[in-house]
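Trainee:
Residue numbers (the UniProt record's numbering), protein chains in the order written: chain A, 1 to 215; chain B, 1 to 276.
1) Which same chain residues, not among the five before or five after residue 35 (chain A), have their C-beta less than 6 Å away from its C-beta?
2) Residues of the region 129-157 of chain A with a CB closer than 7 Å to any CB of chain B: list them in chain order, please.
3) Here's the rule I'm using: 16 or more other beta-carbon atoms within 10 Å means buried, otherwise exposed. How should residue 189 (chain A) be labelled?
4) Given this structure, state the Cα-to-Cα distance separating residue 26 (chain B) from residue 110 (chain A), to the nearest angstrom.
5) Using alpha carbons as the reference points, say which of A:7, A:8, A:28 lies closest to residue 130 (chain A).
6) Does the pairing of the region 205-219 of chain B with the region 51-62 of chain B give three or more beta-carbon distances under 8 Å?
7) What does the Cβ neighbour count give for residue 163 (chain A), buried or exposed, with the cut at 16 atoms within 10 Å?
8) At a Cβ threshold of 7 Å, is residue 194 (chain B) touching chain A?
9) Exposed or buried, which one is residue 199 (chain B) when buried takes at least 16 other CB atoms within 10 Å?
10) With H, G and I counted as helix, E and B as strand and the rest as coil, what does DSSP make of residue 230 (chain A)?
11) On a Cα-Cα basis, can you pick out the residue from B:15, B:46, B:68 that is closest to residue 202 (chain B)?
12) Could you please tell me which residues of the region 262-273 of chain B, in chain order, have their CB closer than 7 Å to any CB of chain A?
13) For residue 178 (chain A) and residue 37 (chain B), I'd like the C-alpha separation in whole angstroms.
14) From the DSSP output, which residues share a beta bridge with residue 92 (chain B)?
15) Is any non-hydrogen atom of the ligand GTP found closer than 6 Å to the C-beta of residue 66 (chain B), if you look at the structure I gave you?
16) In angstroms, rounded to a whole number, what distance separates the CA positions of residue 240 (chain B) and residue 103 (chain A)?
17) Here's the rule I'm using: 16 or more other beta-carbon atoms within 10 Å means buried, otherwise exposed. How should residue 98 (chain A) be labelled?
18) If we require 3 or more residues per run, which beta strand (DSSP E) segments fall completely within the region 94-147 of chain A?
19) Answer with yes or no whether the minimum CB distance from residue 47 (chain A) to chain B is below 7 Å.
20) Against chain B, does residue 187 (chain A) count as a neighbour if the rule is that its beta carbon must be under 7 Å from one of theirs?
21) Runs of 3 residues minimum, wholly inside the region 93-177 of chain B: which ones carry the beta strand (DSSP E) assignment?
22) Ordered along the chain, which non-local residues of its own chain (more than five positions away) have a Cβ less than 8 Å from that of residue 172 (chain A)?
23) Can you tell me the Cα-Cα spacing of residue 168 (chain B) and residue 169 (chain A), whole angstroms?
24) Please check if any C-beta of chain A sits within less than 7 Å of the C-beta of residue 167 (chain B).
25) Where does residue 212 (chain A) sit, in a helix, a strand or coil, going by DSSP?
26) Would you decide whether residue 123 (chain A) is buried or exposed? Buried here means 16 or more other CB atoms lie within 10 Å of its CB.
27) Looking at the strands, I want to know which residues DSSP matches up with residue 18 (chain A).
28) According to DSSP, residue 34 (chain A) sits in a beta bridge with which residue or residues?
29) Return the chain-ordered list of same chain residues with a C-beta closer than 7 Å to the C-beta of residue 107 (chain B), the five sequence neighbours on each side being excluded.
30) What residues from chain B crowd round residue 64 (chain A), counting only those whose CB sits closer than 7 Å?
31) Which residues of chain B have a Cβ atom closer than 7 Å to the Cβ of residue 204 (chain A), listed in chain order?
32) Could you run through the region 84-102 of chain B and flag, in chain order, every residue whose CB is less than 8 Å away from some CB of chain A?
33) Could you have a look at residue 73 (chain A) and say whether DSSP puts it in helix, strand or coil?
34) In whole angstroms, what separates the C-alpha of residue 177 (chain B) from that of residue 146 (chain A)?
35) CA-CA distance, residue 23 (chain B) and residue 74 (chain B)?
36) How would you label residue 41 (chain B), buried or exposed, when you count the other beta carbons within 10 angstroms and need 16 or more for buried?
Below, the structure is given as structure tokens:
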């Protein structure tokens, strides 16, 4: 563990991890209870698909539905508490420089890409592939994938129920900070989608900084 | 009746047969009164699910599943899985994202995580369904009603869906986000916050057509955002009858380009398994 600090972390603390996730790549880490994960949207409008699991019992995992039912709305921002499928807090958004994030759009997959854009996309890379590859390192498989958070992604719902991914409202350098409420496994797909505006049709890297409260 | 002996206990047990209550299955299903327009001989399931109860069934491709809210207080929390490989299951995110529509009604397709159609909504007289909020948890019901255990007075949907999954050898890891029928919410387009829409009232009907062999898991419990302080639920009637899946040329097949590709993917998958 290092004790350096970085200007990138959105909440003051000692840096315990600082990694850059390349464009299109997966990433994972266990963030210990009380530690804060700052995600930095380096290039702007990069959708960061993200799943959370109780690090000690991965059958308990992020539930988009319980989260938005409990907070009474679909957008995530500062103060949002991300709940598990058992209704328990996994992480809390403690700071947010963007304003809102998506929790209903889920991940892109090779399979859903064929429906959304055509069968020519079958062999393009997709978030579910990233989740499967990265999750396998932790013993997770397909059964463990559920609707995920999409940090920085903009998914409005029109009055008639029309819903879709539209141009983002993030910008280069904007950050979000998440405090772990218990030891959580964080699984990320830095979205490789190139067919819709979730990342401006241009996947870019993001940075992950984990800090511990200063002692 | 003495139950002190084997013969007495047997006679006692057997004397209960034939008891009729509201929430129970009718067997054989063909003995049930069929919905209008359905021939009783085609019925494969007829059951009334208690408020606070659950059921599960496995249906063949082409089966129509009819749900009726008898009192206006039912809420059917549904999970669908491919019976031939339950790792393929309902994907709510894809269901709303791919079809560009969050408010499910007639003509909507319930999509799997494999880019295929699990079921299509062929009838909807309610129009008040919810893809956002899922079902209730034990923790939430404890907070709201004092108890959320499966066989307590105010059971949580997740506890019941866990039991329904277990009947198919499946566990909590196999429970994806669920769909709620008969109790709806609407989203404020500016703020993203929910407004409670609730029920359309007694007698609302939804019919789903299975587009592949399905495990259907169903919990009938209050919607998690039901604003009433008390646990309000009512019986749900379920009929299922054999029929044909959606075919090329059906109006639904080509209703949207995304849906048409989902049907093509389904057809392709089933054809490889020798199913036409």
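Ideal Cβ placement from N, Cα and C applies to all residues, glycine included.
Mentor: The structure says:
1) 180, 210, 212
2) Cβ contacts with chain B come from 142, 143, 144, 146, 147, 156, 157.
3) buried
4) 43 Å
5) A:28
6) yes
7) buried
8) Judged by the 7 Å Cβ criterion, residue 194 (chain B) is in contact with chain A.
9) buried
10) Chain A is shown only over 1 to 215; residue 230 (chain A) falls outside these bounds and no answer can be derived.
11) B:68
12) 262, 265
13) 55 Å
14) Beta-bridge pairing links residue 92 (chain B) to no other residue.
15) Questions concerning the ligand GTP fall outside what the structure shown contains, since it holds no ligand whatsoever.
16) As the crow flies, the alpha-carbon of residue 240 (chain B) is around 34 Å from that of residue 103 (chain A).
17) buried
18) Along the length of the region 94-147 of chain A, whole beta strand (DSSP E) runs at least 3 residues long do not occur.
19) no
20) So no, residue 187 (chain A) is outside the interface.
21) Counting only runs of 3 or more residues that sit fully inside the region 93-177 of chain B, the beta strand (DSSP E) segments are 109-111, 117-124, in chain order.
22) 41, 42, 43, 44
23) 44 Å
24) Not one chain A Cβ lies under 7 Å of residue 167 (chain B).
25) strand
26) exposed
27) A:209
28) The partner list for residue 34 (chain A) (beta bridge, DSSP) is empty, contrary to what the question assumes.
29) 121, 252, 255
30) 177
31) In chain order: nothing, as chain B lies at least about 22 Å away.
32) Among the residues of the region 84-102 of chain B, those with a Cβ less than 8 Å away from any Cβ of chain A are 87, 91, 92, 93, 94, 96, 97, 98, 100, 101, 102, in the order of the chain.
33) Collapsing the DSSP output to three states places residue 73 (chain A) in a strand.
34) Each residue's alpha carbon lies about 7 Å from the other.
35) 13 Å
36) exposed
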